[in-house]
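Read through the structure below, which is laid out as structure tokens, and then see the notes.
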Amino acid sequence: MARAAVLGRLTWRVATVAALRDETSTARTLVLDVPGWPGHLAGQHVDVRLTAEDGYTAVRSYSVAAVGDGDRIEVTVEQVEDGEVSSYLAGVAEVGDLVEVRGPVGGWFVWEPEQTEPVQLVAGGSGIVPLMAMIRARAAAQRAVPFRLLYSARTPDSVIYRPELLTPVGGLDVTYAYTRQTPDGWRRPPGRIDATLVAETTWPAEFAPTSYVCGPTAFVEAAAGLLTDAGHDPASIRTERFG
Amino acid sequence: MAIVSRGFVGRPRAERADLPPGQYLTTDFPVLSAGPTPSVRTSDWQFTITNETGRRYTWDWRAFRALPTERFTVDLHCVTRWSKLDTAWEGISLDTLFQNVDTVADHALVRSHGGYTTNVPLVDLLDSQAWVAFRYDGKDLAAEHGGPARLLVPHLYLWKSAKWVKSITLAVQDTPGFWERLGYHNYGDPWREQRYWGD
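Sequence order for the protein chains is A and B. Numbered by the working numbering, the letters in the first sequence go through residues 29 to 271 in order. Numbered by the working numbering, the letters in the second sequence go through residues 2 to 200 in order.
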């Protein structure tokens, strides 16, 4: 059981957009300056609140994409169809604009550098975001515990954090599975992850990894089912779903 | 709260009186759970209420399904901000299950297959406010939504409506459940927007 990482009352804090980074044609990262930010763990999320001129507000939750850096947090937002908050954050907001955030929220889907067991990450689409926070936390803490990432994306162009993931990191193995279109000469035809891919590219159950699975509901259902079918203890599999 | 997010317009302001603050409507049925979906067979299924003296009241699937059922239509409010209105269920009222349970306890800890727990005041489980539901929208409840049977306490945020429910333990003292220990509100009233600790 992860220790509770949310302590006491969560208050709304004003956040200023400090930088923007396009990740794909539909996803971008917002670097937010949040004075007084209490810090967070890899895998936690924040509530983001937008306020219109007439006082109308809308709130959505987003995973934090990187481990704590003082008063700065990063969220990566995938624009969803008809999404009133995501279309603003992924498209409209500019450097200097104001939003509000509160958090961190969620003390279960977290990885902490004190953990010593191997880690299996399984991402579907923008489900990579909290898992990337774990990869970055591992690097920041200079931990050697072995990580594996199985990342299912529609096409090579829809891979978020692609340049960073393509840079080799000791102890981190990344496998991509493309569902719609693959790079030329890719060894596996487009398709969903399946038992064969799980058997070939993820930790065997005997290694007793902790697994983190994040993505759309149907993806998480399928991926968590493949892991339990492969013999993993259900209690070792943590899931986070959206959509 | 004096800030404005420049350029943010938002959806048309069709305020709905039947939607709690901070919620938006959805028509699909999202799934949220902390781990894999357990496979629970009705042949192995048991539901147990344990009172504060340790006395147990147990039903297997056949005995449970022999109880009088209710059909009810309720609104669901998830702490992740979606609400789904007018959902149609069939289940056993907790009033029926508690009919012969001897207790003066105030607190209930609900347990699920897979290890999930959540705490609910007993008074919130009685008086036609809660059910163990086994059919949704005219069909047997799918495993990903908590089948074969889940608790439904629709006047509280949906994390209180434990999927794959297997037992309720009554106690004089309150014990926070899984999410309640991890930062979510101990009671979880959507109309008072009790999402997190301190709300």
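Here a beta-carbon is modelled for each residue, glycine too, at the ideal position from N, C-alpha and C. Please read these numbers as outputs of a predicted model, since none were measured by experiment.
Cut-off 6 Å between Cβ atoms - residues of its own chain near Ala43 of chain A, not counting five sequence neighbours on either side
Position 15 of the first sequence holds residue 43 of chain A. Spatial neighbours of Ala43 of chain A in its own chain (CB-CB distance under 6 Å, excluding positions within 5 residues in sequence) are listed in chain order as Leu60, Val62, Val127, Val129.
Suppose you measure from the CA of Glu109 of chain A to the CA of Arg269 of chain A; what does that come to, to the nearest Å?
Taking the first sequence and counting its residues from 1, one reaches residue 109 of chain A at position 81. Taking the first sequence and counting its residues from 1, one reaches residue 269 of chain A at position 241. The C-alpha of Glu109 of chain A lies about 17 Å from the C-alpha of Arg269 of chain A.
For Ala151 of chain A and Ile265 of chain A, I'd like the C-alpha separation in whole angstroms.
The count along the first sequence starts at 1 and reaches residue 151 of chain A at position 123. The count along the first sequence starts at 1 and reaches residue 265 of chain A at position 237. Rounded to whole angstroms, the gap between the alpha carbons of Ala151 of chain A and Ile265 of chain A is 13 Å.
Please work out which residues of its chain come closer than 6 Å, Cβ to Cβ, to Arg72 of chain B, disregarding the five sequence neighbours upstream and downstream, and give them in chain order.
Looking up residue 72 of chain B in the second sequence gives position 71. When the five nearest sequence neighbours on each side are left out, the beta carbons in the same chain lying within less than 6 Å of the beta carbon of Arg72 of chain B are those of Glu91, in order along the chain.
If we ignore side chains and look at the alpha-carbon of each, how far apart do Trp139 of chain A and Glu53 of chain B end up?
As a working mapping, residue 139 of chain A is identified with position 111 in the first sequence. As a working mapping, residue 53 of chain B is identified with position 52 in the second sequence. Roughly 37 Å separates the two Cα atoms.
Please classify Ser154 of chain A: does DSSP put it in a helix, a strand, or coil?
For the purposes of this step, residue 154 of chain A is identified with residue 126 of the first sequence, where counting begins at 1. The answer is helix: DSSP assigns Ser154 of chain A an H, G or I state.
Check whether chain B comes within 8 Å of Val127 of chain A, counting only Cβ atoms and requiring the distance to be less than that.
Residue 127 of chain A sits at position 99 when you count from the first residue of the first sequence. Any Cβ of chain B closer than 8 Å to the Cβ of Val127 of chain A would place that residue at the interface, and such an atom is present.
Is the beta carbon of Ser114 of chain A sitting closer than 8 Å to the one on Glu106 of chain A?
Position 86 of the first sequence, counted from the first residue, corresponds to residue 114 of chain A. Position 78 of the first sequence, counted from the first residue, corresponds to residue 106 of chain A. When the beta-carbon positions are compared, Ser114 of chain A and Glu106 of chain A come within less than 8 Å of each other.
Starting from the beta carbon of Gly89 of chain A, find every residue of chain B whose beta carbon is closer than 8 Å, and list them in chain order.
Translated into positions along the first sequence, residue 89 of chain A becomes position 61. In the sequence under discussion, the amino acid at residue 89 of chain A is Ser, which differs from the Gly named in the question. Near Ser89 of chain A (Cβ distances below 8 Å), the residues of chain B are Thr81, Arg82.
Same chain, Cβ closer than 6 Å to Leu146 of chain A, neighbours up to 5 away in sequence not counted
As a working mapping, residue 146 of chain A is identified with position 118 in the first sequence. Reading the sequence as shown, one finds Pro at residue 146 of chain A and not Leu. A distance below 6 Å between beta-carbons, with the five flanking residues on each side excluded, links Pro146 of chain A to the following residues of its chain, in chain order: Pro174, Trp231, Phe235, Pro237.
Can you tell me whether DSSP reads Ala119 of chain A as helix, strand or coil?
Along the first sequence, one-based indexing puts residue 119 of chain A at 91. In the sequence as presented, Ala is not what sits at residue 119 of chain A; that position holds Gly. Per DSSP, reduced to three states, the secondary structure at Gly119 of chain A is helical.
Keeping to the same chain, check which residues put their C-beta closer than 6 Å to that of Ala32 of chain A; ignore five residues upstream and five downstream.
Numbered from 1 along the first sequence, position 4 holds the residue referred to as residue 32 of chain A. Low local confidence applies: a pLDDT of 40 at Ala32 of chain A is under 50, so the model's placement there is unreliable, with the coordinate-based value given in what follows. The beta carbon of Ala32 of chain A is closer than 6 Å to those of Gly135 in its chain, skipping five residues each way along the sequence.
Are the C-beta atoms of Arg266 of chain A and some chain B residue less than 8 Å apart?
Within the first sequence, residue 266 of chain A is the residue found at index 238, counting from 1. Interface with chain B (8 Å Cβ-Cβ cutoff): Arg266 of chain A is included.
Compare the Cα-Cα distances from Pro211 of chain A to each of A:Asp185, A:Val123, A:Ala263, A:Leu69 and report the closest residue.
Locating residue 211 of chain A in the first sequence gives position 183, where the first residue counts as 1. Cα-wise, what sits closest to Pro211 of chain A is A:Asp185.
Cutoff 6 Å; reference Trp62 of chain B; Cβ partners in own chain excluding five residues on either side
The residue labelled residue 62 of chain B in the question sits at position 61 within the second sequence. Once the five neighbours on either side are set aside, the close Cβ partners of Trp62 of chain B are Thr43, Trp46.
Rounded to the nearest angstrom, what separates Leu178 of chain A and Cys79 of chain B at their Cα positions?
Here residue 178 of chain A corresponds to residue number 150 of the first sequence, with the count starting at 1. Here residue 79 of chain B corresponds to residue number 78 of the second sequence, with the count starting at 1. The alpha-carbon atoms of Leu178 of chain A and Cys79 of chain B are separated by roughly 29 Å.
Own chain residues within Cβ distance below 7 Å of Leu77 of chain B, not counting five before or after:
Mapped onto the second sequence, residue 77 of chain B falls at position 76. Excluding residues within five positions, the ones whose Cβ falls inside 7 Å are Ser84, Lys85, Thr88, Pro155, Leu159.
Which whole-angstrom value is the C-beta distance of His146 of chain B and Phe30 of chain B, which I expect to be below 8 Å?
Against the second sequence, residue 146 of chain B aligns to sequence position 145. Against the second sequence, residue 30 of chain B aligns to sequence position 29. In this structure, His146 of chain B and Phe30 of chain B form a Cβ contact; the two beta carbons are roughly 7 Å apart against a cut-off of 8 Å.
Touch check for the stretch 85 to 97 of chain A and the stretch 155 to 171 of chain A: three-plus C-beta pairs under 8 Å?
With three or more CB-CB distances shorter than 8 Å, the stretch 85 to 97 of chain A counts as touching the stretch 155 to 171 of chain A.
Thinking C-alpha only, which one of A:Thr52, A:Trp40, A:Arg37, A:Ala46 is nearest Ile188 of chain A?
Here the question's residue 188 of chain A lines up with position 160 in the first sequence. The alpha carbon of Ile188 of chain A has as its nearest neighbour, out of A:Thr52, A:Trp40, A:Arg37, A:Ala46, the alpha carbon of A:Thr52.
Interface residues of chain A facing Pro37 of chain B [CB-CB closer than 8 Å]
By 1-based counting over the second sequence, the position of residue 37 of chain B is 36. By Cβ distance, chain A contributes Ala252, Gly253, Leu255, Thr256, Pro262, Ile265, Thr267.
N- and C-terminal bounds of the beta strand (DSSP E) containing Arg269 of chain A
As a position in the first sequence, residue 269 of chain A is number 241, starting the count at 1. Arg269 of chain A: member of the beta strand (DSSP E) spanning 265 to 270, first to last residue.
Starting from Glu112 of chain A, find everything on chain B with Cβ-Cβ shorter than 7 Å and list it in chain order.
The sequence position of residue 112 of chain A within the first sequence is 84, counting from 1. Here the neighbours are Gly11, Arg12.
When you compare only the Cα positions, how much space is there between Thr85 of chain A and Gly11 of chain B?
In the first sequence, the residue the question calls residue 85 of chain A occupies position 57. In the second sequence, the residue the question calls residue 11 of chain B occupies position 10. Taking the straight line from one Cα to the other gives about 8 Å.
For Tyr197 of chain B, collect the residues of the same chain with a Cβ closer than 8 Å to its Cβ; drop the 5 residues on either side in sequence, then sort them by chain order.
Within the second sequence, numbered from 1, the residue matching residue 197 of chain B stands at position 196. Answer for Tyr197 of chain B: Gly184, Tyr185, His186, listed in chain order.
Count the other CB atoms within 10 Å of the CB of Trp165 of chain B; is the residue buried (16 or more) or exposed (fewer)?
Position 164 of the second sequence, counted from the start, is the residue given in the question as residue 165 of chain B. With 16 or more other Cβ atoms within 10 Å, it is buried.
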